[in-house]
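What follows is a set of notes on a single structure, which appears directly below.
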Amino acid sequence: MRPSSIRAERVLVAGFDGGTFDALLPLAEAGVMPNLAALLREAISAPLRSTLPAITPTAWATFLTGADPDVHGVWDYRYFDPASRRTRLADASRLPLPTLLDAISQQDGEVVSIDLPMTWPRSPAWRGVVVGGLGSPSTAAAFGPHEEFRRRVVHAGIWYSLDPIWRHRPQTWEELACLIRRTETAFRARAAVAALADQCCDWRLMIVQFQHLDGLQHRTWHLLGPPISDPADPAWCQCVRHAYRTLDDCLGRLLELAAARNAAVLVVSDHGFGPFEAQIVLPELLARSGLLAFSSLGSRILQAGRRTGWRLRE
Numbered sequence: 010m011r012p013s014s015i016r017a018e019r020v021l022v023a024g025f026d027g028g029t030f031d032a033l034l035p036l037a038e039a040g041v042m043p044n045l046a047a048l049l050r051e052a053i054s055a056p057l058r059s060t061l062p063a064i065t066p067t068a069w070a071t072f073l074t075g076a077d078p079d080v081h082g083v084w085d086y087r088y089f090d091p092a093s094r095r096t097r098l099a100d101a102s103r104l105p106l107p108t109l110l111d112a113i114s115q116q117d118g119e120v121v122s123i124d125l126p127m128t129w130p131r132s133p134a135w136r137g138v139v140v141g142g143l144g145s146p147s148t149a150a151a152f153g154p155h156e157e158f159r160r161r162v163v164h165a166g167i168w169y170s171l172d173p174i175w176r177h178r179p180q181t182w183e184e185l186a187c188l189i190r191r192t193e194t195a196f197r198a199r200a201a202v203a204a205l206a207d208q209c210c211d212w213r214l215m216i217v218q219f220q221h222l223d224g225l226q227h228r229t230w231h232l233l234g235p236p237i238s239d240p241a242d243p244a245w246c247q248c249v250r251h252a253y254r255t256l257d258d259c260l261g262r263l264l265e266l267a268a269a270r271n272a273a274v275l276v277v278s279d280h281g282f283g284p285f286e287a288q289i290v291l292p293e294l295l296a297r298s299g300l301l302a303f304s305s306l307g308s309r310i311l312q313a314g315r316r317t318g319w320r321l322r323e
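Taking the working numbering, I'd label the letters of the sequence shown as residues 10 to 323.
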């Protein structure tokens, strides 16, 4: 946060999903993210402790409500619905408390929220433009009642999608380059939609979340280079760094927007990041401790069939 802007009547929040000083600071110091570097030189910054568990829906639910997980009740991406006896995605309907968006709206203020998890379905009480993020059933549904705004987005030539990009680690240079281009397009779309929403309402709070940063890091963390990991192919590393440069360009665009509105700026992350060393299989640990006995082959085949049927229904 800029110290001179702490008393500003407007606040712009840039959310870097999975953003961590371990990656962002070296890139800022290396000149890859000059806008972030300039902000850090004049801002107050500190590492924050995430929620337990440190995952996206839980952390952003805490951001929205100001409550710990044992109060707001969002512990995972999914929850078991006893009424339907099915597992469902956690969304805004699970929040039992008023949110930051409610507080602004109750004061007759307008909000802009782009791609923030736990904001779908949109509450009728929210004033302004709220485009849902992670947890929305589709991109069209994320826009909710803002059909006219969605048409403006399309007319402006902005490619906005919630579809996941990084499904697996790229195996070829061509695949990496394609995924980086799609990620950069997603970054630019968030900033462009925010700029368009800025023209539509007199917001007091704007939140722009860059969800695809999390997927980028999951699949390319090994390519960010030392001191984060072992050196990799320089060309591949530069390709990944280009995505961070695009993210920084988007941050610069948001900073300009905030300056025009005399708004304070917050850059926040829901959780940190790090290398993935091994997979922990809880049933195996319990079995080794004598606390769990595995089922028979026939039972496992039956359960696999039931699971396949459930996935097809989903």
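For every residue, glycine included, the Cβ atom is placed at its ideal position computed from N, Cα and C.
In this chain, the alpha helix (DSSP H) harbouring E157 covers 156 to 164. For M127, the closest C-alpha among the options L275, G82, A101 is that of A101.
Rounded to the nearest whole angstrom, the C-alpha separation of R320 and D90 is 16 angstroms. Below 8 angstroms, enough C-beta pairs join the stretch 202 to 220 and the stretch 15 to 30 to call them touching: three or more.
Here S170 is near T148, since their CB atoms are less than 8 angstroms apart. With distances taken between CA atoms, I123 lies nearest to F152 out of F152, T108, T65, L106.
For G314, the enclosing alpha helix (DSSP H) stretches over residues 306 to 322. If you keep only unbroken beta strand (DSSP E) runs of at least 3 residues inside the stretch 11 to 36, you get 20 to 25.
As a beta-bridge residue in DSSP terms, D90 pairs with R95.
Counting along the chain, the unbroken alpha helix (DSSP H) around R254 starts and ends at 243 to 269. Taken atom to atom, the span from the alpha-carbon of Q116 to that of L233 is near 44 angstroms. Here the alpha carbon of L311 sits roughly 34 angstroms from the alpha carbon of P179. Pairing W245 with L188 gives a Cβ-Cβ distance that is not under 8 angstroms. In the three-state reduction of the DSSP assignment, R191 falls in the helix class. I64 and S278 have their C-alpha atoms some 11 angstroms from each other. Contact check for L225 against A252 passes: the beta carbons are separated by less than 8 angstroms. Residue state for I113 is assigned as helix, using DSSP reduced to three classes.
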